[in-house]
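Protein chains in written order, with our numbering: chain A, 1 to 159; chain B, 1001 to 1785. Cβ coordinates follow ideal geometry from the N, Cα and C atoms, glycine included. In what follows, a structure is listed as structure tokens, so that the remarks can point back to it.
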Amino acid sequence: MTPLDRSDLFRLVYRSRSAIAGNPAEVQRVVDAMVATSRDRNAGAGVTGALLFARLHFVQALEGPSPAVEAIFDRICCDLRHTGIEVVECGPVLEPAFGGGAMSHLVPDADAGALLDRLDSEAECVEAAAAAMKLMLTLLQSAASELKEHETRPSARAS
Amino acid sequence: MRSVYTCLTEAHDHRLILLAAGICVTGVYGSFSVAAQAARSAGRAAWTWGAAAIVASGCTAWATHMVALLAFRPGMPAGFEPTLTALSLLIAIAGIGISIGLVIGQRDRSRRFAAGLALGISIAALHYLGEASYLVAGTVTWDPILVAVSLSASLLMFGTALMVAGERRRPWRRAAAPLLLAGIGILHLGGMAAMTLTFDPERPLPREAVPPEIVAPIVACVSFGLLTLAIIGLRLTLNARAQARRDQERLRELANLAVEGLAVCEGETIKIANRSLEQMSGLGAGALNGRRLSDVLPGLVVSALPEREEREAELVGADGQSVPVRVLRSEVPLGSGLQTVLAVRDQRERLQTESQMRMLAYSDALTGLPNRAHFHDLLARHAASCGERNQPFAVVVLDLDRFKLVNDTLGHGLGDTLLRKTAQRLTAALGGQDVVARLGGDEFAVLQAAPDGPEAVHALAARIIELIDRPFLIDGQLVNVGVSVGAALAPADGGEPGTLLRNADLALYKAKADGKGMFRRFDPTLDARVQARRSLEADLRRAIAVQEFELHYQPLVDARSGRITAAEALVRWRHPERGLIPPADFIPLAEETGLIGPLGQWVLRTACTQAARWPSHIRVAVNLSPTQFRDLRLAETVKAALTASGLAADRLELEITEGVLLADEDRTLATMTRLRAAGVSISMDDFGTGYSSLSYLRRFPFDKIKVDRSFVRQLPGDPESAAIVRAIITMGACLGMTITVEGVETAEQFAFTAASGCHQVQGYHVSRPLPEAEFLSFVDAREAA
């Protein structure tokens, strides 16, 4: 990231509920496929970020040039596999918070259980979203430390 | 035969014989090239060149003959008889002229044969006259058999030569020249061999004989003339050839310049094609020449093409792709005769433009979706095919909630982007066979081709609402709009496209009225309500025309004295079937439909006319709707009503509500000023409801405030209402405005308002609105009391 890029950095974080039908294994397959395509697409557009899928909810952070984020969000909003999209954060930022790499797919570990429960039950979107963001960042950091051992993708998947 | 042989080998000077042959060849070439020039020329020039050619050929024959005679070595003194010599030349020229005259423009064989005979006879005459003119110092004897044989053989050859010269078949034509040459040779040599000269010293040369030494230069001169002519002919020929080449080159360049493809055809084969046609077929230069036409334009038979009539065809290019073309055949005179020329016009660009125009006409430029016209078209076709099989389909119409707000506050550019993104999301909501179109503005419609039932329509609407409800990110801003959806399902809610669209629209209105972001399917009761409204509207129009309205008057009394000071005119509709209809049931409709204009005018005129008959201290108050107040001619209308009725201007009060003040303040103020200048007073009606902005009271010149009945209802028990009413009365008094309290129904209320310092009271406590006659008797009773 050059300083020039950084000045144009835009972040959008949204939360939504999954509308994918099927048992957990099937749902996970669909989500994996979604992550794979979105990772390629987003990387091509210079957009990075993180996607968290837990139980019923998606939380995704998109960071990149404003037009690219807009185009990706347009596509996300045309997708009927999730519903109840709520934007948690939206605006220009100075630093990427979710790393400069490809879209990270975060899978919550046991420690994150409490936060996740809040996310599922919380009526107040802002609080739940803040919680989700915190969770995502925590997961990212732990993934980063794991990355030193494994060279594979920055996910907490192994746990 | 021996004598012929020895005649050639011994009796002649060989060099002169060769010279004779040279002169013959030169002369013949000159004659022919000049004749060709005559053929190329027209008019006088053609005649002149033709004559020159005839003279030249005569001279050629003569000069050849003379040189051959000079080559003859008889071995005794010889000379020429001048008259006969000259005559032989003239005969040669005349004979050739006649011969040519006989064949020109003739295709008949016997005619040509006759011409050949004429030529032969003239050459023979030339020869024998020439020999007759040849004088020697001796005796001349002839071998008559040889003369006869050679003469008849050569004549036959002459005739045959000219006859075959005009034949169609080339080998025959080729035989003409050798035959002619042989004829001449036989004639000459036969004639020479038949002649025997015997030297006789007794017989000297006649005195008139001209010696060869004198004849030779003359012949040389003629020969030189022929040579000159040959050179001229050569130049002419070269020029003509160069001209022809230039013409052809220019023609080819011209053809290459043409945008259309051009091909000169011979039968079904292409002889030459221009560059355009080569490019159209994707072939290199010259690649089309010699190709069969059916390879390039399959299925096209040139001979079957009508001339000067374009035909559609397919041109197969080098890459096997076919190009749509139009082909025109014409017969064009090119060079020696008529040629078949095919003009091939590339239709790709035209077809492309046409399809682009069709697309432009049928699609919405902003979103790329089908437009209204296209949607109607699709719907009509779908309705027709589904109607036959009684298959269900649905028309779903929708428009964005709050779009106008977004457009007005965030700008049209963003509004356009929002519409484009809306189009994308709608497309994402559709089933495979469904079509979405933009009807205009923020109005879209979906043709749901084959819903399984009402649930499927419902599900589609739910998807649409879900997708459009999601936030839109535009230029870094989040924009939230919603969508209202209405649908009509065929055949249940109608089968005709027009009915379905109208019913879907009705459902959409219902969805909007029910709070936006909703889906409503058409419901026949919606239709009934609309029908009822429509019939009421028609009824209202009729009622205005036949004046089924009447005015009732509600008195306003002075709070202290109790005297009637004014009356408010209230319109009533006396319906022939439904009886008296209260204003609340038809005034809103009249406002919506614009019928309030004529109705309001009627009320104004009637109130003025009736009030003019009242005691002069009683004023009349007339309500004006916002629509009426927006009419720029209002002041004139009011003045006209006053003049017509004779009512004094200060007896008319016009009542307006806050709604009037909201729009275009400057115009409202101007209208009010003009009305007050005319002497009419203006009241603010229903004060206390709505915005009740106090700034209005400062800015607009009101004469009177009418306190809304809602404050009076709870008087005098409710301290808050009491405080408000008292405050308004005090404020009005300070601003110098008359205060009227409406809706006073009880004696307590009357007493309270009077005690608070209110000027006028109106309400059921005084009187309900009365028909004019009752009102007047009420006034009389009150005055008498």
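From the beta carbon of residue i, is the nearest beta carbon of chain B less than 8 Å away?
| i | result |
| --- | --- |
| leucine 160 of chain A | Because residue 160 of chain A is not part of the residues shown, which for chain A are 1 to 159, the question remains open. |
| valine 13 of chain A | no |
| proline 96 of chain A | no |
| threonine 48 of chain A | no |
| phenylalanine 58 of chain A | no |
| aspartate 74 of chain A | yes |
| serine 38 of chain A | no |
| proline 65 of chain A | no |
| isoleucine 85 of chain A | yes |
| glutamate 70 of chain A | yes |
| phenylalanine 53 of chain A | no |
Using DSSP with H/G/I as helix, E/B as strand and the rest coil, what is residue i?
| i | result |
| --- | --- |
| phenylalanine 1700 of chain B | coil |
| methionine 1684 of chain B | strand |
| valine 1744 of chain B | coil |
| proline 1598 of chain B | helix |
| proline 1491 of chain B | coil |
| serine 1625 of chain B | coil |
| glutamine 1267 of chain B | Here the sequence assigns glycine to residue 1267 of chain B, which means glutamine is not the residue at that position. Note: glycine 1267 of chain B maps to coil in three-state DSSP. |
| leucine 1288 of chain B | coil |
| valine 1259 of chain B | coil |
| phenylalanine 1113 of chain B | helix |
| threonine 1367 of chain B | coil |
Tell me, to the nearest whole angstrom, how far the beta carbon of residue i is from that of residue j; I am working on the premise that it is less than 8 Å.
| i | j | result |
| --- | --- | --- |
| arginine 17 of chain A | leucine 56 of chain A | 6 Å |
| aspartate 1703 of chain B | methionine 1737 of chain B | 6 Å |
| isoleucine 1091 of chain B | leucine 1129 of chain B | 6 Å |
| asparagine 1397 of chain B | glycine 1486 of chain B | The question names asparagine, but residue 1397 of chain B in the sequence shown is valine. Right, the Cβ-Cβ distance comes to about 5 Å (below 8 Å), so this counts as a contact. |
| alanine 1635 of chain B | leucine 1675 of chain B | 5 Å |
| leucine 1467 of chain B | valine 1446 of chain B | Actually they do not touch by this definition, with Cβ atoms about 12 Å apart. |
| glutamate 1748 of chain B | proline 1701 of chain B | Not really, about 34 Å apart at Cβ, beyond 8 Å. |
| alanine 1053 of chain B | alanine 1042 of chain B | Alanine 1053 of chain B to alanine 1042 of chain B, Cβ: 16 Å. No contact. |
| isoleucine 1123 of chain B | leucine 1069 of chain B | The pair is not a contact, with the Cβ atoms about 14 Å apart (cut-off 8 Å). |
Quick check on residue i - is its C-beta less than 8 Å from some C-beta in chain A?
| i | result |
| --- | --- |
| alanine 1456 of chain B | no |
| glutamine 1448 of chain B | no |
| arginine 1425 of chain B | yes |
| glutamate 1592 of chain B | no |
| arginine 1470 of chain B | yes |
| alanine 1428 of chain B | yes |
| glutamate 1466 of chain B | yes |
| leucine 1398 of chain B | no |
| arginine 1402 of chain B | no |
| arginine 1463 of chain B | yes |
| leucine 1414 of chain B | no |
With distance defined between alpha-carbon atoms, name the residue in the options nearest to residue i.
| i | options | result |
| --- | --- | --- |
| alanine 1161 of chain B | B/Leu1181, B/Ser1152, B/Ala1148 | B/Leu1181 |
| phenylalanine 1444 of chain B | B/Ala1384, B/Leu1405, B/Leu1501, B/Gly1453 | B/Leu1501 |
| cysteine 78 of chain A | B/Thr1427, B/Ala1042, B/Val1323 | B/Thr1427 |
| alanine 1488 of chain B | B/Ala1114, B/Pro1392, B/Gly1299, B/Asp1686 | B/Pro1392 |
| aspartate 1527 of chain B | B/Ala1507, B/Asp1539, B/Glu1537 | B/Ala1507 |
| proline 92 of chain A | A/Leu80, A/Ala61, A/Ala54 | A/Ala61 |
| cysteine 1758 of chain B | B/Ile1465, B/Ala1361, B/Val1741, B/Met1672 | B/Val1741 |
| isoleucine 1564 of chain B | B/Gly1159, B/Ile1093, B/Ala1220, B/Ser1777 | B/Ser1777 |
| serine 1484 of chain B | B/Ala1635, B/Gly1317, B/Ser1535, B/His1458 | B/His1458 |
| asparagine 1480 of chain B | B/Leu1305, B/Leu1410, B/Ile1232 | B/Leu1410 |
| serine 1721 of chain B | B/Ser1710, B/Thr1730, B/Met1731 | B/Ser1710 |
In chain order, what residues of the same chain have a beta carbon less than 7 Å from the beta carbon of residue i, not counting five sequence neighbours either side?
| i | result |
| --- | --- |
| aspartate 1013 of chain B | Ala1071, Arg1073 |
| arginine 1291 of chain B | Ile1270 |
| glutamine 1433 of chain B | Ala1449, Ala1450 |
| leucine 1102 of chain B | Arg1111, Ala1114, Ala1115, Ala1118 |
| alanine 1146 of chain B | For the sequence presented, residue 1146 of chain B should be read as leucine rather than alanine. Contacts found: Gly1190, Ala1193, Ala1194. |
Please work out which residues of its chain come closer than 6 Å, Cβ to Cβ, to residue i, disregarding the five sequence neighbours upstream and downstream, and give them in chain order.
| i | result |
| --- | --- |
| threonine 1627 of chain B | Glu1591, Ile1596 |
| alanine 1383 of chain B | Pro1497 |
| threonine 1689 of chain B | Asp1708 |
Starting from the C-beta of residue i, find all residues in its chain whose C-beta is less than 8 Å away, skip the five residues before and the five after it, and write them out in chain order.
| i | result |
| --- | --- |
| proline 1201 of chain B | Ala1137 |
| phenylalanine 73 of chain A | Leu12, Tyr14, Leu62 |
| alanine 1543 of chain B | Phe1549, Trp1573, His1575 |
| valine 1435 of chain B | Pro1370, Phe1375, Leu1378, Val1446, Leu1447, Ala1449 |
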